[in-house]
Amino acid sequence: MLRPEAPAACSFREGILFIFSGTWTAKMVYGGFFQMLRKRKELIPLIGFMAFAATGATSASIYFLLTKSDVILNKSVNPEPWERINPEKPQKIITINQQWKPVEELEIVKSLTK
Numbered sequence: 647m648l649r650p651e652a653p654a655a656c657s658f659r660e661g662i663l664f665i666f667s668g669t670w671t672a673k674m675v676y677g678g679f680f681q682m683l684r685k686r687k688e689l690i691p692l693i694g695f696m697a698f699a700a701t702g703a704t705s706a707s708i709y710f711l712l713t714k715s716d717v718i719l720n721k722s723v724n725p726e727p728w729e730r731i732n733p734e735k736p737q738k739i740i741t742i743n744q745q746w747k748p749v750e751e752l753e754i755v756k757s758l759t760k
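With my numbering applied, the sequence shown corresponds to residues 647 to 760, in that order.
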C-alpha cells in the first residue's frame, strides 16, 4: 500500500492534520523540523531555552524525589515517614543558627507508643 505524499504547498492546519493522520514517517517529521529551523533562525534561542527549562524541571524533580524526606511515593511501605527524619539535619534550604535539642517528655511518649 502506497502512502500519499504530502502536498507541496499546504496551510499549517493541513500540515498538522497530515502529520497526525499517521502518513508521515519519523524521518519526514524530524527533517521538516530541521528545515523549519533553517528557515526561521529566530526560533533557535526559544527552542534552546525551552529545552533548558524542561531539562532543569525534570532534573529538579528527580533530585527532590530521591533526596528529600518529605517526598513520598509509596505510603504503604512506611506509614509514618516523619519518624525517619533526622532532627539534627536541617530540612530547609537555608538554616541560620538552628540548634535542636530533644524534648524529654516527647521522647518518653514516643518510646511508650512503640
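C-beta atoms are modelled at their ideal positions from N, C-alpha and C, and glycine is treated no differently.
Please read all numbers here as calculations on a predicted model, not as lab measurements.
Helix or strand or just coil, what does DSSP make of MET647? Reading the sequence shown from its first residue, position 1 is the one you call residue 647. Only weak support exists for where MET647 lies, its pLDDT of 47 falling under 50; the value from the coordinates is given anyway. Coil at MET647, not helix or strand.
Of the residues GLU753, GLU734, MET682, SER757, which one's Cα is nearest the Cα of TRP746? Within the sequence shown, residue 746 is the residue found at index 100, counting from 1. Out of GLU753, GLU734, MET682, SER757, GLU734 has the C-alpha closest to the C-alpha of TRP746.
Please list, in chain order, all residues of the same chain as ILE718 whose beta carbon is under 8 Å from its beta carbon, the five residues on each side excluded. Sequence index remark: in the sequence shown, residue 718 carries index 72 (1-based). Result list for ILE718: ASN724, PRO727, in chain order.
Can you name, in chain order, every residue of its own chain whose Cβ lies under 6 Å from the Cβ of LYS687, other than the five neighbours on each side? If you number the sequence shown from 1, residue 687 lands on position 41. Same-chain partners within the cutoff: there are none.
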